[in-house]
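Counting from -11, one number per residue, gives the positions in the sequence shown under our numbering. Glycine included, C-beta positions come from ideal geometry on N, C-alpha and C. In this text, all values refer to a predicted model and were calculated from it rather than measured experimentally. Notes for the one structure printed next.
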Amino acid sequence: MNRPLGITVSRQIMDSQRMHPQATGELSGLLSELIVAAKIISAEVNMAGLADILGLSGKTNIQGEEVQKLDEFSNKTIIKRMARSGYICVMASEENDDIIPVMEGYEGKYTLAFDPLDGSSNIDVNVNVGTIFSIHRRVSQWRQGIDSDVLQRGREQVAAGYIIYGSSTIMVYSSGEGVHGFTLDPSVGEFFLSHPDIKMPEKSKYISVNEGNHGYWSDNMRRYMDYIREDDKPSGRPYSARYIGSLVADFHRNLITGGIFLYPRDSKDPEKPEGKLRLLYEASPLALLAEQAGGRAITDDGENILDITPTSLHQRVPLVIGSKNAVDEAEAFLKGER
Ligand code: AHM
Ligand code: MG
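Following this line, the structure appears as structure tokens:
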């Protein structure tokens, strides 16, 4: 079979490094390590459907070994791989209560925050899941890094992205110079450039939101949803609903086709007044991608996600993210201006 001589993700990363003469290659090294972890996770996720048939699900597998849940597996894979990469000083994971130090002697100048397997409640039904990552430069002088190294604004991210495990495995990332997407060719184990310089369409008719929360939303949010449902041909309403319930998959679709995703604050759970999604592992990295692709990401009262200074590792934040015009429109309703 003839394969096109495509641009690999490593080549693209090296090319962009060359444009910065002061670059040391450490960021490129970090991303390469992360890509290896993603390939390992991708292989495991692809086997998930066979788990029942092969007797791999449940507590033990056919060899009597303990089988880890895929989110635990993904978390451990990334931590093990990165702890001795030499490129980061500290990590924060959605799955861990506290920061995760790297091995002594391997401290590097970056930090890594990640959601190892976003949407993992969907694995059993074969819906796309993904790994989301966010990279900052360290700010402390401590050898192994401290909380404040990861508690930085999204605006300070050096790079961010995700790997979505779906019908194909796709990596989308930005290091501040546009957003690029790469598709894994499993037969050669390489990511090839498939979506160069992604731009999110400014307008779209797609809306992604969990309407089951309608009764818990603010009046402004409900009025916005009434507007979305109205019949008005010139403005393309009613918009079409598309909600997967896996943020990385909902965001990926909206990035390519245009659209808006909302997880506003609601009164459903007094423990989670700010909605469900996490600033460090979900909102902040996706906000960088949205802005770099020409879109927007704000809270439901209009604050730019990238300007929020995190105060705790697992801070939640109301998220409105997507095509610029669609976010502008939602913002006007959510602020009560329309
Ligand atoms: P997770 O990180 O535990 O997987 O939870 C986050 C997920 C997102 O992927 C998704 O957008 C959201 O939860 C869906 O929540 P809900 O089921 O309330 O609609
Ligand atoms: Mg998540």
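Answer yes if the stretch 22 to 30 comes into contact with the stretch 68 to 87, meaning at least three C-beta pairs across the two stretches below 8 Å, and no otherwise. yes
Identify which residue in Ile1, Asp289 and Gln303 has its Cα closest to the Cα of Asn208. Ranking Ile1, Asp289 and Gln303 by Cα distance to Asn208 puts Asp289 first.
When Gly282, Tyr251, Ser255 and Gly74 are compared against Leu267, the one with the closest alpha-carbon: Of the residues Gly282, Tyr251, Ser255 and Gly74, the one whose Cα lies closest to the Cα of Leu267 is Tyr251.
Those runs of the beta strand (DSSP E) which lie wholly inside the stretch 143 to 189 and span at least 3 residues: 147 to 153, 157 to 162, 168 to 173 and 178 to 183
Hey, is Lys264 close to ligand 1, as in C-beta under 7 Å from one of its heavy atoms? With a threshold of 7 Å, the Cβ atom of Lys264 counts as near ligand 1, since some heavy atom of the ligand is closer than that.
Enumerate in chain order the residues of its own chain whose CB-to-CB distance from Leu105 is below 7 Å, with the five nearest sequence positions on each side excluded. Leu58, Asp59, Ser62, Val117 and Thr119.
Please go through the stretch 259 to 293 and give each complete beta strand (DSSP E) segment of 3 or more residues, from N-terminal end onward. 284 to 286
Where Ile41 sits in the DSSP three-state scheme: The predicted model places Ile41 with a pLDDT of 48, which falls under 50 and marks its position as unreliable, so this point remains unresolved.
I'd like to confirm the pairing. Which residues does DSSP put opposite Ile248 in its beta bridges? The bridge partners DSSP lists for Ile248 are Ile195 and Gly310.
CA-CA distance, Met213 and Phe321? Between the C-alpha atoms of Met213 and Phe321 there is a straight-line separation of about 9 Å.
Under 8 Å, do Ala285 and Ile296 count as touching if we go by C-beta distance? No, they are not a contact pair.
Taking 7 Å as the cut-off, does the CB of Tyr98 come closer than this to any heavy atom belonging to ligand 1? no
Are the stretch 254 to 264 and the stretch 172 to 186 in contact at 8 Å, needing three or more beta carbon pairs? No: fewer than three Cβ pairs fall under 8 Å.
Pick helix, strand or coil for Leu301, following the three-state DSSP scheme. coil
Does any residue of chain C have a CB that is nearer than 8 Å to the CB of Ile67? Absent from the structure is chain C; it holds one protein chain and no more.
For Leu172, which residues of its own chain have a beta-carbon under 6 Å away from its beta-carbon, when the five flanking residues on both sides are left out? Thr157 and Phe179
Under 8 Å, do Gly149 and Val160 count as touching if we go by C-beta distance? yes
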